[in-house]
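Residue numbers (my numbering): 930 to 1158.
Quick notes on the structure that follows.
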DNA sequence: GCGACAG
DNA sequence: ATCTTGTCGC
């Protein structure tokens, strides 16, 4: 079983990131968009009980039909610290992923990959520890900047770090609607990551993978609380 | 130095 | 992330 060591403090977490970051693979194009199986993952929290519920939903990339689902509930083991999100979400997320009856060719994370203060966001971390191709699709630009993409669906602008380096892309998934922020996680090119994101978002701003995972983890959290109360 | 900052 | 009903629109 894939495990993520829970750091005892932030310094240790950063040291772990530094070590795992060396294992990120960036020279593979990744799976072909619109084919195979794509998984979406997300988590929901109950702060009062320190619970975290994770969901993994697998879609047929061609039809966007749901072919498998899995959830897991665990205790929160790390605080929310911007830049260290993976240590909070990954343990439970991996449990849900491993319980899937199939292995996806790509995992779409709700958050960042290389677009990260230390170039090792949640999607990179998940990709490295599972070995699976992964990308990050976030709803906010965090500390990064970008020019306004053209209005049509499919338009994009480079997502820039403070030092000017390109860490991802602000991608318009719906005409005239706020873009999403795509970055590479592991074993996928940025072009491919954006193509997948577009293919997964035919109707709404957020990819269907993330939408399914979001509603499923919220449901799992409600049921976990309901069963305990 | 302080605040902002993926979820 | 989360606090949160009805309402507007396809």
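Just so you know, even glycine gets a beta-carbon here, dropped at the ideal spot from N, CA and C.
Pick helix, strand or coil for residue i, following the three-state DSSP scheme.
| i | result |
| --- | --- |
| residue 1112 | strand |
| residue 1088 | strand |
| residue 1079 | coil |
Among the residues of its own chain, which have a CB less than 8 Å from the CB of residue i, if the five just before and after it don't count?
| i | result |
| --- | --- |
| residue 993 | 1129, 1131 and 1137 |
| residue 1123 | 1085, 1098, 1100 and 1111 |
| residue 1159 | Because the chain is modelled from 930 through 1158, residue 1159 falls outside the range shown and cannot be assessed. |
At what residues does the alpha helix (DSSP H) containing residue i begin and finish?
| i | result |
| --- | --- |
| residue 1042 | Taken as a continuous stretch (DSSP letters only), residue 1042 belongs to no alpha helix (DSSP H), as it is neither H nor E. |
| residue 1057 | 1051–1059 |
| residue 1023 | 1014–1027 |
Within its chain, find whatever has a CB closer than 7 Å to the CB of residue i; leave out the 5 residues flanking it on each side and keep chain order.
| i | result |
| --- | --- |
| residue 1001 | 983, 1021, 1024, 1025 and 1028 |
| residue 1087 | 1075, 1095 and 1098 |
| residue 1084 | 1078 and 1101 |
| residue 964 | 990 and 991 |
| residue 955 | 1113 |
| residue 1153 | 980, 982 and 1002 |
| residue 1009 | 1017 |
Going by DSSP, name the residue or residues bridged to residue i.
| i | result |
| --- | --- |
| residue 997 | 987 |
| residue 1065 | 1038 and 1112 |
| residue 1095 | 1089 |
| residue 1074 | 1089 |
| residue 1003 | 981 |
Apart from the five residues just before and just after residue i, which ones in its own chain have a Cβ nearer than 6 Å to its Cβ?
| i | result |
| --- | --- |
| residue 1142 | 969, 970, 971, 984 and 986 |
| residue 1108 | 1078, 1099, 1100 and 1101 |
| residue 1105 | 1080 |
| residue 999 | 985, 1025, 1028 and 1029 |
| residue 1065 | 1038, 1040, 1041, 1042, 1050, 1052, 1112 and 1114 |
| residue 1032 | none |
| residue 1034 | 960, 965 and 966 |
| residue 996 | 987 and 989 |
In chain order, which beta strand (DSSP E) runs of at least 3 residues are fully inside the segment 1099–1152?
1109–1115
Going along the chain, which unbroken runs of the beta strand (DSSP E) with 3 or more residues stay wholly within the segment 941–992?
966–975 and 980–989
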